[in-house]
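Those protein sequence lines, which keep their order, are chains A and B.
Quick note on numbering: the first sequence equals residues 1 to 255 in our numbering.
Quick note on numbering: the second sequence equals residues 1001 to 1549 in our numbering.
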Amino acid sequence: MNVRWPVVRTAVATVAALFIGGPVFAQHSYTRSEIENGAHLYLGSCATCHGARGDMVRGVALMSGRFQRASTDEELVKIIISGIAGTAMPPNNYTDLEAGMIVAYLRGTAAGDSVTVTAGDSARGKMLFDGKGKCATCHSETSRTAPPLSDIGMLRRPLELEQSILDPSATLNTNYRFARAVTKTGTVVTGRLLNQSTFSVQMLDSAEKLRAFDRSSLREFTVVKTSPMPSSRGTLDTQEVADIVTYLTTLRGQR
Amino acid sequence: MTRRLLAVSCSAALLGICAAGGALHAQISSDRIVRASAEPDNWLTYSGDVYSRRHSPLTQITPANVKNLELQWVFQAQSLEKFEATPLAVDGVLYTVQPPNDIVALDGTTGRIFWTYSYKPSQQARPCCGRVNRGVAILGDRLFMGTIDGHLLAVDTKSGRPLWNVAVAGARAEAGYAITVAPQIVKDKLIIGPAGGDFGVRGFIAAFDPANGQELWRFNTVPGPGEAGHESWASDSWQHGGAAVWVTGSYDPELNLIYWGTGNPGPDFNGDKRGGDNLYSDSVVALDPDTGKLKWHFQFTPHDEFDYDSTQVPVLADIEWKGRPRKVMLWANRNGFWYVLDRATGEFLSGKPFAKVTWTESLDPRGRPMNVVKPTLEGTVVFPHLGGATNWYSPSYSPRTGLFYVSAWINTSATFSRRPAEYVEGRAFLGAFPTAADIGINGVPINRRLPEEGTGAIVALDPKTGEKRWEFSMTDITDAGVLTTASDLLFSGGREGFFYALDARTGAMLWKAPVGGIVQAAPMSYAIGNRQYVAIAAGNSLYGYALKQ
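In C-alpha cells, the structure reads:
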C-alpha cells in the first residue's frame, strides 16, 4: 500500500488518454482527485475481500480492467452499490458519485501510469523483448514456467514492470515460485512449485512433467526464494529498459 | 451409550407415546444441555457442552483403532459459501446450517436429508466476511438460528416448519448488522448478538424468549451515556464503536454466569478519534444470564488498532492452580497471547505468547499490554497478522490430559497504515485495510507460501505451567477447530484439505483423510446404536466417519 499510493497520485495524467477508444475501458476520463478518493474508498472497504491488488477473490482481477458481470462504468457502479445477489458480494452504501470514484480507481490502475523516468518506444521495446533482452525466451505464450505477459499492461503499472526487470526477486509472483526436491534415493528434481501441503508437494519439473512427491520420500525440499529471471542491470541501459516497459504497457490481451 | 438410548425409548413407551417402529425421544431441556456430558451420544450445543470444551466423552474410536476410520456418508451443501457450522446431534438426527441460512436435518447414519428449511435473507445483508452461519441451538422441540440479515427465528425440529421470526431490534441489515453465531441456550433464554464490527455497528448481547422471540434483556458491549465504561470512548465515538459478537459464549451453571467474547472497536485500524480503552471491545464479559448485568470484564487488547477481535470461544476448565482447585477460563486470543483467567472474578492469572508477537512489548502483572505499537502513515509491520495468531476457530480442553488445544497461525504479519476513516452507515468502517502476504482464503487448498510467511499449527498448551507441550505444524495456516475425545484423540483439519487425528498426549499424527476442500469448521462427535461417528464440514460438504464394521 505504501508503494501504491504515490503511483496512484501520478497516474491520472495519462489515464484519460489510455481509455479512449478501447471497448474494455471507461467511457470518460477521471480527475486526479476522483482516483485518489476512489483509492481511499477501495482500500477502506473493497480491499477487505478483494485485497489491495484486487486479486484475492478467486476468478476476479479487479485491476485488470475486465469484469465478468459488467463492461460499462454504469454497470460497475450498480454492482458496487447493489451487490451481486446470491454471492458474497454485498450491497454497499455508496452514492453513484462515490462508486464512480472506485470505478475510476480500478480503471486508472488497470490503465497504468506514465511515471517511468525515461520515455520509451514501444516498437523498440518489442524488438528488445524478442531479441537482446531475451525476455521472450521464457515469457512466451506457451511457457509453463514463466508468467505469460499478454495482459501484463493491465495488471501492473510501469514502475512495477521496471522493478521486475531490474530486480526480479524484489517482488516475486507467488504463482511462479521454484523448488528443489531431493529424493531419498538421491534424485534431484527442480521445477515450478504448484502446490504443497504437510504431506506432499506438487511440481512442474524442469522437463515440464507434472510430479508429486510424498514428503516422506524426500530427503530435502527447498522453496527457492529468488527469481530464476536474471536482472537486466548491466545488459540493458536505461533507455532500453524504458522501451521494454513501454512495450509491456501496450499488452492488454485476453486473460 | 446404548443403555441411554434404550432407557429413553423405554420411558417413552411407558408413557404410551412411542411411535410404531421408531423411538420418540424426550425433548431437549435446558437441564439436559447443562448435563450434556451425561449423554455423550448427543452433541447439544455449538461446542458440545455449556463449558465449551469441545471434548467428547465417547471412547469407541481410540488411538489404536483410529486408522480404521472410514467415510460413512457425505452431505453436499447446495451452496458455494463457506461452510462453518458445527452440527448438533440429537438422538440420531444432525441439525446443521447450509450457508447462508438453510437449516438441514440429516440422518446421522446415512447423511440423508429429513427436511430443509430455507430462509432467504434480505439482499441488504452485508456480512463482512462471507455469508456464513456457525450453527443452530436447540431447546424443547425447537431449533433457533440467527440470520445474516439480523433476524432470529425458530423452526420445528421434526418438520422444519417455521414458528416465529423476529427482526432483532436495532440490528438492521442495511447498517451492517449480521448474525452469524450459533445461539446459546441458558435456562429459559436464548442468547445471541450481532456481528458487524467492521461496519461501525454498536454491538450488543441480548436474551430472547424461545417461545416467541421477545427480547428479555440487552447488554450493550459499547456502553452509552450513563453506563459504566462509557468514559472509555472519546467524544461520540461510542456510537459506532463495534464490539460485535460472532462466536458463541459459554455458561457456568454454578456461578450463574455467561461469558462472551467481543470484537474489534470501530474503525478497525485507526483509533485516533476513539481515544480511551474502548470498553468492552476485544474483551470477555461475564454476565448474569437472568438479567444481562455485567459481573466482570477483562479486556485483552485495549484501544485496538489491529483488528484483534476477542471473539474466541471461552473455554471453562476446572484445574489445579498453584496447589488448589480453581475455576478458570482458558483463552487463546487473536492478539497472540493465551490467557488463564479466574472465571469467578475475572482476575488475570497468566498470559503468554503462543506465536510471534510485536504489537506490544509484554503484558503487565494485570494482563494489560505495555508499549503498544502505533502504526504510521507509511505502514508498520506488526505480528501477528490482522487475522490473528488464532481467531474464531474452536479450541478444545481435555480434562484427561489437562491440555488446552488451539489452532494457531504461527509467525504471520501484516503492514498496518494509519489512514482516516469516516463513518457512513452501511459502509465498511475500517481505515486502510492492511497489506500482507497472500494469506486470504481463496477457497481451494493451494499453498505456495514460504515458511517465513506464516505456517499453521495445532498447539497443546499446559495451563498449569504455561508451557507449550507440543506443536503439530502444517505448511499452510488453519481455520479449523479442534475436537478432543476421552480416548485421548484430537481431530482437526486446515487449509490443506485434510481431516486428521492426532494423539492428544503427544501430537503424533495417527490418521488422515483427504476431504478435498479447506476445513474452516470444527469437528464434533456423536453416537448412534453403539457406533461412534466424527463429523466435519470441509469445502462445501459435511463428512461423517466411523470405524469399519
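No residue lacks a Cβ here, since even glycine has one placed at the ideal position from N, Cα and C.
On a CA-only basis, which of 1405/B, 1453/B, 1430/B and 1325/B is nearest residue 1384/B? Give me that one, please. 1453/B
Minimum Cβ-Cβ distance from residue 1510/B to chain A less than 7 Å: no
Chain A residues whose Cβ lies nearer than 8 Å to that of residue 1427/B: 45, 92, 93 and 94
Separation of residue 1425/B from residue 98/A, as counted between CA atoms: 14 Å
Quick check: what's the CA-CA separation for residue 1429/B versus residue 1240/B? 9 Å
Inside the segment 123 to 155 of chain A only - alpha helix (DSSP H) runs reaching at least 4 residues: Fully enclosed alpha helix (DSSP H) runs of 4 or longer: 135 to 138 and 152 to 155.
Distance, Cα to Cα, residue 1362/B vs residue 1301/B? 12 Å
Under 6 Å: does the beta carbon of residue 1280/B sit that close to some heavy atom of the ligand GDP? Among the ligands in the structure shown, none appear at all, so the ligand GDP cannot be discussed.
Curious, which full-length beta strand (DSSP E) runs of at least 3 residues does the segment 1413 to 1455 of chain B contain? 1414 to 1416
Neighbourhood of residue 42/A by C-beta distance below 6 Å, restricted to the same chain and skipping five residues each side: 102 and 105
Inspect the beta-carbon positions of residue 1139/B and residue 1213/B and report whether they are closer than 7 Å. Cβ atoms of residue 1139/B and residue 1213/B: not closer than 7 Å.
Is the Cβ-Cβ distance between residue 1043/B and residue 1071/B less than 7 Å? No, the Cβ-Cβ distance between residue 1043/B and residue 1071/B is not below 7 Å.
Unbroken alpha helix (DSSP H) run spanning residue 163/A, endpoints: 158 to 166
Mind checking the segment 173 to 203 of chain A against chain B and listing, in chain order, the residues whose C-beta falls within less than 8 Å of any C-beta there? 174, 175, 177, 193, 194, 195, 196, 197, 198 and 199
For residue 184/A, the nearest candidate out of 217/A, 197/A and 121/A (CA to CA): 217/A
Looking at C-alpha atoms only, which residue of 80/A, 30/A, 237/A and 150/A is the closest neighbour of residue 166/A? 237/A
Would residue 1445/B pass as a contact of residue 1518/B if the rule is Cβ separation under 7 Å? yes
By the criterion of Cβ-Cβ separation under 7 Å, what are the contact partners of residue 1450/B in chain A? The contacting residues are 223 and 225.
Got a sec, what are the start and stop residues for the beta strand (DSSP E) residue 1503/B sits in? 1498 to 1503
If we ignore side chains and look at the alpha-carbon of each, how far apart do residue 132/A and residue 224/A end up? Computed Cα separation, rounded: 27 Å.
Terminal residues of the beta strand (DSSP E) in which residue 205/A lies: 200 to 205
Candidates 1175/B, 1100/B and 1076/B, of which the one nearest residue 1106/B by Cα: 1076/B
When the Cα atoms are used, what is the spatial distance from residue 59/A to residue 52/A? 16 Å
Three or more C-beta pairs below 8 Å linking the segment 1501 to 1515 of chain B and the segment 1030 to 1050 of chain B: No contact exists between the segment 1501 to 1515 of chain B and the segment 1030 to 1050 of chain B.
Please confirm whether residue 1244/B and residue 1314/B have their CB atoms less than 7 Å apart. no
Within 10 Å of its beta-carbon, does residue 1395/B have 16 or more other beta-carbons around it, so buried, or fewer, so exposed? Residue 1395/B comes out buried.
According to DSSP, is residue 1536/B part of a helix, a strand, or is it coil? strand
Residue-chain proximity (residue 1432/B, chain A), Cβ-Cβ < 7 Å: yes
Is the segment 1081 to 1098 of chain B touching the segment 1129 to 1137 of chain B in the sense that three or more CB pairs, one from each, lie closer than 8 Å? yes
Terminal residues of the continuous alpha helix (DSSP H) containing residue 50/A? 47 to 50
Do you know how far the Cα of residue 1029/B is from the Cα of residue 1208/B? 16 Å
So, under 8 Å CB-CB, residue 85/A and residue 1081/B are touching, yes? Tell me the CB distance rounded to an integer number of Å. At roughly 13 Å, the Cβ-Cβ gap does not stay under 8 Å, so residue 85/A and residue 1081/B are not in contact.
Give the DSSP-derived three-state secondary structure of residue 1469/B in the structure shown. DSSP places residue 1469/B in strand when its eight states are reduced to three.
Boundaries of the beta strand (DSSP E) in which residue 1543/B is found, first to last residue: 1541 to 1547 is the extent of the beta strand (DSSP E) around residue 1543/B.
Cβ shell of residue 1006/B (< 7 Å), same chain only, five flanking positions each side left out: Summary for residue 1006/B: the model assigns pLDDT 34, below 50, so the residue's position carries little reliability, and this model does not support an answer.
Chain-ordered neighbours of residue 1375/B on chain A, where CB pairs are closer than 9 Å: Simply none; closest approach about 11 Å.
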